[in-house]
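Okay, structure first, notes after.
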Amino acid sequence: MPFALELAKLINATNYDILPPETKHWAKVGILDTVGVTIAGAADPSARICAGVLGSASGPAYVFGSSERVGMLDAALVNGTASHALDFDDCNNTIGGHPSAPILPALFALADEISASGRDFLAAYVTGFEAECKISMGVNFYQYTRGWHPTTTIGVFGCAAACARLLKLSDEQTATALSIAASLAASVKSNFGTMTKPLHVGHCNRSGLFAALLARDGFTGARQIFDVTLDLVQTSCGMAVPYLSYTGDRELLNEWAGKKGEEGLRQYWAEKNQLSLDDIQTNIVKKIRPQ
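Next up, the structure:
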């Protein structure tokens, strides 16, 4: 069975009722955190310029930080860009980047379009989070060291998986959405430090949602996108790591649906772990203050 189809079956077997309480708790934390950083980033020039270029076409999807409603693909791009504009969004060691921002803006836009329930929304988010982390286990950190930005080159699969789940696509349609997403994955680290870095996340959200919508309407894609020569691994990591493969055993699909989740919430802006000036001052005071 192709890896994409096997992953699709796990995606569709996930629902709110089977999620452990701890998973539901941290999913809610991740959602609230991403909403907060997206609202904060909505005023950033990167998000505003994207919104201006896309124009004012009306639709059902809410643009964070405004009263505007636009088409869901446009909302996914603008809100996705805003979610990463300040670089405060959550982190994950497995993906080697940010797991929630590549998923949630698209899910919010889609939920506005189809009036999804909160339970279905949360389950779709967890599903996308799990999918991107499992795919990451085959390519990172090789992909990162070759100059790719895994937040989006891997996050696009999480977004496609989450949107496919919220749309209630079949196993075959979901596998196709993952295949389409492989050809829409993009972003390079050389654009870090510019407005293009948060645009990576906006583009990822639009692309993941677009892939799911295309698959829903009958678009086709290669089912063996993870299983053939020059597949995702060899294309993005190079032929030097041919032993990294999704074929053979499926150990990376064990511990599905939040049983071994990991998420880090950022208190301060930083590309690396850094203390704020307030923390530094507090630590100095603690060391010199008499007991």
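Going by our numbering, the sequence shown runs without a break in its numbering and finishes at 294.
Even glycine gets a Cβ: it sits at the ideal position worked out from N, Cα and C.
On a predicted model such as this, the values are computed, not experimentally measured, just so you know.
Supposed contact pair residue 151 and residue 239 - C-beta distance, whole angstroms, cut 8 Å:
6 Å
Between which two residues does the alpha helix (DSSP H) harbouring residue 197 extend?
Careful: residue 197 lies outside any alpha helix (DSSP H) and carries neither H nor E.
Nonlocal neighbours in the same chain, by C-beta distance under 6 Å from residue 163, ignoring five residues either side:
180, 181, 184, 211, 214 and 215
DSSP on residue 221, reduced to helix/strand/coil?
coil
Rounded to the nearest angstrom, what separates residue 90 and residue 122 at their Cα positions?
28 Å
Which partner residues of residue 72 appear in the DSSP bridge assignment?
65
Residues near residue 143 by beta carbon distance below 8 Å, same chain, minus five either side
97, 98, 99, 153 and 157
Straight-line Cα distance separating residue 59 from residue 134:
34 Å
In the DSSP output, which residue or residues are listed as bridge partners for residue 191?
151
Return helix, strand or coil for residue 100, following the three-state DSSP convention.
strand
Does DSSP classify residue 15 as helix, strand or coil?
helix
Within 8 Å, strictly: CB atoms of residue 226 and residue 14
no
Residue 11 to residue 172 span [Cα, whole Å]
9 Å
Under the assumption that residue 95 contacts residue 105 (Cβ atoms under 8 Å), give the Cβ distance between them as a whole number of angstroms.
Not a contact, Cβ separation roughly 11 Å.
Three-state secondary structure (DSSP) at residue 208?
helix
Outcome for residue 92 when other beta-carbon atoms lying within 10 angstroms are tallied against a minimum of 16
buried
Decide if residue 170 is buried, meaning its Cβ has at least 16 other Cβ atoms within 10 Å, or exposed.
buried
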